[in-house]
Amino acid sequence: MLIMSYEDKKIFVIDDLNTLRETIVSHLREEGFGRIYQAIDGQDALKKLEELYGRDEKIDLIFSDINMPNMNGIELLKELKSDERFVDIPVVMLSSENEKEIVMEAVMSGASNYILKPFTKMTLRSKLGEIDKLLA
Numbered sequence: 001m002l003i004m005s006y007e008d009k010k011i012f013v014i015d016d017l018n019t020l021r022e023t024i025v026s027h028l029r030e031e032g033f034g035r036i037y038q039a040i041d042g043q044d045a046l047k048k049l050e051e052l053y054g055r056d057e058k059i060d061l062i063f064s065d066i067n068m069p070n071m072n073g074i075e076l077l078k079e080l081k082s083d084e085r086f087v088d089i090p091v092v093m094l095s096s097e098n099e100k101e102i103v104m105e106a107v108m109s110g111a112s113n114y115i116l117k118p119f120t121k122m123t124l125r126s127k128l129g130e131i132d133k134l135l136a
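Here the sequence shown stands for residues 1 to 136, numbered as in my numbering.
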């Protein structure tokens with residue numbers, strides 16, 4: 001059971017596969033998140049983050065795929081962690097890659113958590129529970 005209300009939290013879901021983005025968004029809405037933004041890759045995400053922050057809308061949590069065209073999730077993560085505006089946003093990496101090196105690179109680059117695809121609604125709920133304190 002989740003401790004806090006997520007209704008006002010702003011979430012960003014980044015994945016090049018529309019069906020997966022929509023599945024994640026659906027699961028997040030079921031968990032009580034009401035403000036969810038989407039991007040198709042790292043470049044798109046950075047552009048949209050710039051626009052949001054220009055309107056003083058801060059993101060509370062990011063879910064990002066690793067394997068994407070234009071700018072992959074690890075490259076995006078490194079960009080986020082090098083920018084003082086975005087450095088404190090928790091980032092949960094999503095990937096079908098379960099090789100130890102890729103997971104370690106994500107963690108060493110600043111990922112808050114990691115979800116292996118395919119995943120269930122219960123897996124997502126569990127990860128939200130693990131990062132609940134970061135969203136407080």
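For every residue, glycine included, the Cβ atom is placed at its ideal position computed from N, Cα and C.
Subject >> Other residues of its chain near Glu-30: CB distance less than 8 Å, five sequence neighbours each side excluded >> reply: Lys-121
**OP:** Would you kindly report the start and end of the unbroken beta strand (DSSP E) that includes Ala-39?
**Re:** 35 to 39
Original post:
So, are the CB atoms of Lys-117 and Leu-94 less than 7 Å apart?
Top reply: yes
**OP:** Excluding the 5 residues preceding and the 5 following Asn-98 in the sequence, name in chain order all residues of the same chain whose CB lies nearer than 6 Å to its CB.
**Re:** Leu-116
Subject >> 8 Å CB neighbourhood of Ile-3 in its chain, flanking five on each side removed >> reply: The pLDDT assigned to Ile-3 is 45, lower than 50, so where the model puts this residue is not dependable, and the model offers no usable value.
**OP:** Using the Cα positions of Asp-8 and Ile-59, report the straight-line distance between them to the nearest angstrom.
**Re:** 10 Å
Original post:
Can you tell which of Tyr-53, Val-103 and Lys-100 has the C-alpha that lies nearest to the C-alpha of Leu-80?
Top reply: Tyr-53
Subject >> Counted within 10 angstroms of its Cβ, other Cβ atoms place Asn-18 as buried (16 or more) or exposed >> reply: exposed
Original post:
Which residues mark the beginning and the end of the alpha helix (DSSP H) in which Leu-116 is found?
Top reply: From DSSP, Leu-116 is part of no alpha helix (DSSP H) but of the beta strand (DSSP E) over 113 to 116.
**OP:** Using three-state DSSP, classify Leu-124 as helix, strand or coil.
**Re:** helix
Original post:
By Cβ distance below 7 Å, which residues in the same chain neighbour Asp-65 in space, the five residues on each side in sequence not counted?
Top reply: Ile-14, Asp-15, Asp-16, Gly-73, Leu-94 and Ser-95
**OP:** From the DSSP output, in three-state form, read off Ile-102 for me.
**Re:** helix
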